[in-house]
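Written below as structure tokens is the structure these notes are about.
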């Protein structure tokens, strides 16, 4: 991808992976209501510019909608899976405060993220092999994508 456009670093994989916010599984939709002018919406504009791409990358199951110039004061609204809504006022806050507040209220805790990372590492470890019922690989000599075939000289009888 060429480095063209406004602040192209936002589209690099390294930048997207550094996102702090991983939502709980109950969050389904996030809406951002802000104005494109005025000091009170400055934090919300920067939040959309810097943090929303990272949130989209880390939370691909969450639908994100932006509403520009439709509200007198900026706010975020989250729709949860059980039908509840969480409304967050972001008027006059900078984007780092908004990010920390969203992470604290609706994000997964560091302990949960660490436990999930460990579980992913354990399941993908190539030393784990055994019956297909319990492990991804049956034999330690299996190569990813390799089909089990007949050895030289074997006939099918």
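Residue numbers (my numbering): 3 to 159. Cβ atoms here follow ideal geometry from the backbone N, Cα and C, with glycine treated the same way.
Alpha carbon of residue i to alpha carbon of residue j, nearest angstrom
i: residue 47; j: residue 86; result: 26 Å
i: residue 141; j: residue 60; result: 34 Å
i: residue 49; j: residue 94; result: 12 Å
i: residue 52; j: residue 16; result: 14 Å
i: residue 131; j: residue 115; result: 25 Å
i: residue 13; j: residue 73; result: 29 Å
i: residue 139; j: residue 121; result: 17 Å
i: residue 31; j: residue 63; result: 9 Å
i: residue 38; j: residue 92; result: 14 Å
i: residue 18; j: residue 137; result: 31 Å
i: residue 4; j: residue 65; result: 27 Å
i: residue 124; j: residue 134; result: 16 Å
i: residue 127; j: residue 28; result: 29 Å
i: residue 36; j: residue 107; result: 20 Å
Helix, strand or coil at residue i [DSSP, three-state]
i: residue 130; result: coil
i: residue 160; result: Within the shown structure, residues of the chain are numbered from 3 to 159, placing residue 160 beyond reach of any answer.
i: residue 90; result: strand
i: residue 70; result: strand
i: residue 138; result: coil
i: residue 85; result: coil
i: residue 54; result: helix
i: residue 104; result: helix
i: residue 31; result: strand
i: residue 40; result: coil
i: residue 9; result: coil
i: residue 45; result: helix
CA nearest to the CA of residue i, picked from the options
i: residue 40; options: 105, 98, 70; result: 70
i: residue 77; options: 134, 63, 103, 135; result: 103
i: residue 100; options: 58, 117, 113, 54; result: 54
i: residue 58; options: 25, 92, 7, 96; result: 25
i: residue 42; options: 6, 66, 125, 75; result: 75
i: residue 44; options: 129, 128, 96; result: 96
i: residue 129; options: 119, 143, 117; result: 143
Cβ-Cβ distance between residue i and residue j below 7 Å
i: residue 21; j: residue 56; result: yes
i: residue 79; j: residue 23; result: no
i: residue 34; j: residue 68; result: yes
Burial state of residue i, where buried means 16 or more other Cβ atoms lie within 10 Å
i: residue 9; result: exposed
i: residue 109; result: buried
Check: residue i C-beta below 6 Å from any heavy atom of the ligand PLP
i: residue 21; result: Ligands are entirely absent from the displayed structure, and the ligand PLP is therefore not among its contents.
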